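Take the sequence shown: its letters are residues 1 to 258, numbered as in full-length UniProt numbering.
Idealized CB from N, CA, C, for every residue including glycine.
The structure presented is a predicted model; accordingly, all values stated were derived computationally and were not measured.
Taking it in order: structure first as structure tokens, then the write-up.
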Amino acid sequence: MVHLIIVCNYFHRWLRKVHSRKIRRSLNTSRIFFGEAERLVKEEFPKRVIEFDQILKSPRLSYDRLSEILPNPDTILPIPAVENGNDEPASKKRKIPETISGAPVYAFSSGSVPCNDNLAKLMDEVRPKLREAVEMTNTVKMWITLLIPRIEDGNNFGVGIQEEVLGEVRNVESEAASFLDQMSRYFTSRGKLITKIAKYPHVDDYRRAILDMDEKQFINIRLVVLEMRNHFSTLHDMIMKNYEKIKVPRNSNAEHLY
Numbered sequence: 001m002v003h004l005i006i007v008c009n010y011f012h013r014w015l016r017k018v019h020s021r022k023i024r025r026s027l028n029t030s031r032i033f034f035g036e037a038e039r040l041v042k043e044e045f046p047k048r049v050i051e052f053d054q055i056l057k058s059p060r061l062s063y064d065r066l067s068e069i070l071p072n073p074d075t076i077l078p079i080p081a082v083e084n085g086n087d088e089p090a091s092k093k094r095k096i097p098e099t100i101s102g103a104p105v106y107a108f109s110s111g112s113v114p115c116n117d118n119l120a121k122l123m124d125e126v127r128p129k130l131r132e133a134v135e136m137t138n139t140v141k142m143w144i145t146l147l148i149p150r151i152e153d154g155n156n157f158g159v160g161i162q163e164e165v166l167g168e169v170r171n172v173e174s175e176a177a178s179f180l181d182q183m184s185r186y187f188t189s190r191g192k193l194i195t196k197i198a199k200y201p202h203v204d205d206y207r208r209a210i211l212d213m214d215e216k217q218f219i220n221i222r223l224v225v226l227e228m229r230n231h232f233s234t235l236h237d238m239i240m241k242n243y244e245k246i247k248v249p250r251n252s253n254a255e256h257l258y
């Protein structure tokens, strides 16, 4: 019996040590996480404002580049080559040999149709910054979420500030992710439109639609950069103005005022 009591006491001490180590490890992780979030707000957010502002004001996103960025529909999107030998478009579609199975392949007289390289380079420049923005805002979102205290009656003014700032952070994270998705869908939409041009070369509206799509995408990229600059500026300003209330939403001495 005595031996059993000794074993039980030893086991309980071991459990307390393990639990204590887990708590210390959790606290250390929280300190590192909180420190990283505060560093992002104080140091990285202002840097992102400057970076996006520099991109926005650079010649790469100037509206004067539109004539350079938009493709020439007669060279980049040519009408398929003639087949009847009299310099007139073929009256009928070329028949696919019976030995070949599968979906028909439509070809252009000049070969494959390249993507808009100028727009692709702009998106390759902006896309990594959007991914970083999603990760940074997610970290700040978790920081504020973990600082929200338990629900109590009264003295919730600071908690209201936390929730308002948290809502703005979530909005920026959602918009950055949406911008990434929009850039991915652009290539799919453009590819479908080029397929229409190959299938219906006599419809000039499809070819003009490519110009409108590329112009719209250029404006969208510029708008994305503008919005992200403003978002980071607003977040930095809002968090720093309410920094103390975000970190300590409730005054522990408030109860002594009544």
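Which listed residue (the options) has its alpha carbon closest to that of residue i
i, options, result
"Val-49", "Lys-129, Asn-156 and Glu-152", "Lys-129"
"Asp-181", "Asp-214, Gly-35, Val-224 and Leu-70", "Val-224"
"Asn-135", "Ala-176, Asn-118 and Phe-218", "Just to set this straight, residue 135 is Glu in the shown sequence, not Asn. If we check each option's Cα against that of Glu-135, Ala-176 comes out closest."
"Ile-194", "Leu-56, Met-213, Ser-184 and Glu-44", "Met-213"
"Phe-232", "Lys-42, Pro-59 and Ile-32", "Lys-42"
"Met-228", "Asn-171, Asp-124 and Cys-115", "Asn-171"
"Glu-44", "Leu-226, Ala-133, Leu-119 and Ile-221", "Ala-133"
"Met-123", "Tyr-186, Arg-31 and Asp-204", "Tyr-186"
"Thr-188", "Glu-125, Cys-115 and Asn-155", "Cys-115"
"Asp-64", "Leu-226, Asp-205, Glu-215 and Leu-147", "Glu-215"
"residue 261", "Asn-220, Glu-125 and Lys-47", "Nothing about residue 261 can be read from this structure; the chain reaches only from 1 to 258."
"Arg-31", "Leu-147, Asp-205, Arg-131 and Lys-192", "Leu-147"
Cβ-based neighbour list, residue i, same chain, cut-off 7 Å, excluding 5 preceding and 5 following
i, result
"Ile-144", "Gln-162, Val-165, Leu-166, Val-169 and Ile-246"
"Gly-85", "Legend: pLDDT at Gly-85 = 47, less than 50; position of this residue unreliable, value from coordinates given subsequently. Counting only Cβ-Cβ distances below 7 Å, and skipping sequence neighbours, we find nothing."
"Phe-34", "Trp-143"
"Arg-39", "none"
"Pro-97", "Bear in mind that the predicted position of Pro-97 carries a pLDDT of just 49, short of 50, making it too unreliable to give a figure here."
"Arg-127", "Leu-180 and Met-183"
"Leu-66", "Glu-215 and Phe-218"
"Ala-209", "Leu-193"
Cut-off 6 Å between Cβ atoms - residues of its own chain near residue i, not counting five sequence neighbours on either side
i, result
"Ala-37", "Thr-139, Val-140 and Trp-143"
"Glu-61", "In the sequence as presented, Glu is not what sits at residue 61; that position holds Leu. Correct list, in chain order: Arg-222."
"Ile-69", "Asn-118 and Phe-218"
"Leu-211", "Leu-70"
"Asn-242", "Ile-161"
Same chain, Cβ closer than 8 Å to residue i, five either side skipped, listed in chain order
i, result
"Pro-149", "Val-159, Pro-249 and Arg-250"
Burial state of residue i (16 or more Cβ within 10 Å)
i, result
"Arg-190", "buried"
"Gln-54", "exposed"
"Phe-179", "buried"
"Thr-137", "buried"
"Phe-157", "exposed"
"Glu-173", "buried"
"Ile-239", "buried"
"Asp-87", "Only weak support is given to the placement of Asp-87: the predicted model assigns it a pLDDT of 47, under 50, and the question is left unresolved by the model."
What runs of the alpha helix (DSSP H), each 4 residues or longer, lie entirely inside the UniProt domain "Proteasome activator PA28 C-terminal" (113-255)? List check, alpha helix (DSSP H) in window: 117-147, 157-199, 204-241 and 243-247.
What runs of the alpha helix (DSSP H), each 4 residues or longer, lie entirely inside the UniProt domain "Proteasome activator PA28 N-terminal" (34-80)? For the UniProt domain "Proteasome activator PA28 N-terminal" (34-80), whole alpha helix (DSSP H) runs of length 4 or above, ordered along the chain, are 45-57 and 66-69.
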